[in-house]
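A.B. asks:
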Amino acid sequence: MWIAANWKDYEVIDTSAGEKLERWGDYLLIRPDPQVIWNTPKEHPGWRKKNGHYHRSAKGGGEWEFFHLPGEWSIRYEDLIFHLKPFSFKHTGLFPEQAANWDWFSSLIKDSIKETGRPVKVLNLFAYTGGATLAAAKAGAAVTHVDASKGMVTWAKENAAASGLGDAPIRWLVDDCVKFVEREIRRGNTYDAIIMAPPSYGRGPKGEIWKIEESIFPFLELTSRILAKDALFFLINSYTTGLQPAVLSYMLHTVIVSKFGGHVTADEIGLPVSENGLILPCGASGRWSFL
Numbered sequence: 002m003w004i005a006a007n008w009k010d011y012e013v014i015d016t017s018a019g020e021k022l023e024r025w026g027d028y029l030l031i032r033p034d035p036q037v038i039w040n041t042p043k044e045h046p047g048w049r050k051k052n053g054h055y056h057r058s059a060k061g062g063g064e065w066e067f068f069h070l071p072g073e074w075s076i077r078y079e080d081l082i083f084h085l086k087p088f089s090f091k092h093t094g095l096f097p098e099q100a101a102n103w104d105w106f107s108s109l110i111k112d113s114i115k116e117t118g119r120p121v122k123v124l125n126l127f128a129y130t131g132g133a134t135l136a137a138a139k140a141g142a143a144v145t146h147v148d149a150s151k152g153m154v155t156w157a158k159e160n161a162a163a164s165g166l167g168d169a170p171i172r173w174l175v176d177d178c179v180k181f182v183e184r185e186i187r188r189g190n191t192y193d194a195i196i197m198a199p200p201s202y203g204r205g206p207k208g209e210i211w212k213i214e215e216s217i218f219p220f221l222e223l224t225s226r227i228l229a230k231d232a233l234f235f236l237i238n239s240y241t242t243g244l245q246p247a248v249l250s251y252m253l254h255t256v257i258v259s260k261f262g263g264h265v266t267a268d269e270i271g272l273p274v275s276e277n278g279l280i281l282p283c284g285a286s287g288r289w290s291f292l
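Those letters in the sequence shown? Residues 2 to 292, per this note's numbering, in order.
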């Protein structure tokens, strides 16, 4: 498992009965987590001293309950700063476990620039609030950030400015990711690296339905057509039950390795639980690199 173990401003403190107790900077949140199927004693005092608690509804969705929590605050990961705010479906605007991937591809970008002296072009699809965008830009890459939500792209820009990357070579695009890739194929544009975190379900600008089980493989094939011949890496993230590491590995071998050679690894990503030293699984990632 790839573990995001280098956080100082964030931690999973404890987990029990379908929930996790987390520290986000100075604030404690309790959020639901479907992986937490165990029921262990909630002995840590943070369970009672929380600042926010997301209650899931039996009808779907849920709502936040706040206890002296500001509407917005920030945390830092190394030189990156992220604005946080609780919003729908338990989210805060950041997936901390992705730091394990940020560290991996940041090293690849830095090493490539040092060895070749040429810029690295990175495409980040379904880019959300820009965690991967900021990490790649900080490593020295020129990044194209694409997300269909204007609000998320605005949020990502704010994170970039807070991180001292307001003038970095980042192209911010509010666009449907499938349509964007199709246009890039027609334009003949290519990228040295591609990152994607496709949703389980979504709708396109004209009502097109995205169901990851049906859409991800054709989209992976499509995206491979804008990967440069001497590409550096390809990263795909999954939070969908059923798209396990072995599935991601199989797809990357079938689509990317068959064209470009290189090496694939895939694994779960996770976060350490400080109360007991165990690891909370948080999704899966598939990594391709030429080296």
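In this text, a Cβ means the ideal position worked out from N, Cα and C, and glycines have one as well.
Indicate the three-state DSSP secondary structure (helix, strand or coil) for Lys158 in the structure shown.
C.D. replies: Note: Lys158 maps to helix in three-state DSSP.
A.B. asks: Leaving out the 5 sequence neighbours to the left and right, which residues in its chain are closer than 7 Å to Glu222 when beta-carbon positions are compared?
C.D. replies: Within the same chain, Glu222 has close Cβ partners Val256.
A.B. asks: Should Leu135 be flagged as near chain D, meaning a C-beta pair shorter than 8 Å?
C.D. replies: Note that chain D does not occur in the displayed structure, where there is just one protein chain.
A.B. asks: Can you have a look at Asn160 and say buried or exposed, based on whether 16 or more other CB atoms are within 10 angstroms of its CB?
C.D. replies: Its Cβ being crowded by 16 or more others within 10 Å, Asn160 is buried.
A.B. asks: Residue range of the beta strand (DSSP E) that Ile257 falls in?
C.D. replies: Ile257 -> no beta strand (DSSP E), and no H or E assigned at all.
A.B. asks: The ligand ZN and Tyr251: does any heavy atom of the ligand fall closer than 7 Å to the residue's C-beta?
C.D. replies: What this structure holds is no ligand at all, so the ligand ZN is not there to describe.
A.B. asks: With distance defined between alpha-carbon atoms, name the residue in Phe127, His45, Trp48 and Tyr28 nearest to Glu73.
C.D. replies: The shortest C-alpha separation from Glu73 is found at Tyr28.
A.B. asks: I want to know whether the stretch 97-106 touches the stretch 133-151 - three or more CB-CB distances under 8 Å.
C.D. replies: With the cut-off at 8 Å, the stretch 97-106 and the stretch 133-151 touch.
A.B. asks: Quick check on the DSSP output: what are the complete beta strand (DSSP E) runs of length 3 or more inside the stretch 104-135, in order along the chain?
C.D. replies: Listed in chain order, they are 122-126.
A.B. asks: Out of curiosity, what's the CA-to-CA distance linking Val248 and Val265?
C.D. replies: Val248 and Val265: Cα-Cα distance of roughly 12 Å.
A.B. asks: Between Ala18, Leu22, Ala59 and Pro46, which lies nearest to Trp39 when the distance is taken from Cα to Cα?
C.D. replies: Closest option to Trp39, Cα to Cα, is Ala18.
A.B. asks: Does DSSP put Glu98 in a helix, a strand or coil?
C.D. replies: Three-state DSSP puts Glu98 in a helix.
A.B. asks: Less than 8 Å between the C-beta atoms of Lys151 and Val123, yes or no?
C.D. replies: Their beta carbons are not under 8 Å apart, which means Lys151 does not touch Val123 by this criterion.
A.B. asks: Using CA coordinates, which residue listed in Gly63, Lys91, Glu12 and Pro71 is at the minimum distance from Tyr78?
C.D. replies: The candidate whose alpha carbon is nearest that of Tyr78 is Glu12.
A.B. asks: List the endpoints of the continuous beta strand (DSSP E) containing Leu85.
C.D. replies: Its beta strand (DSSP E) spans residues Leu81 to Leu85.
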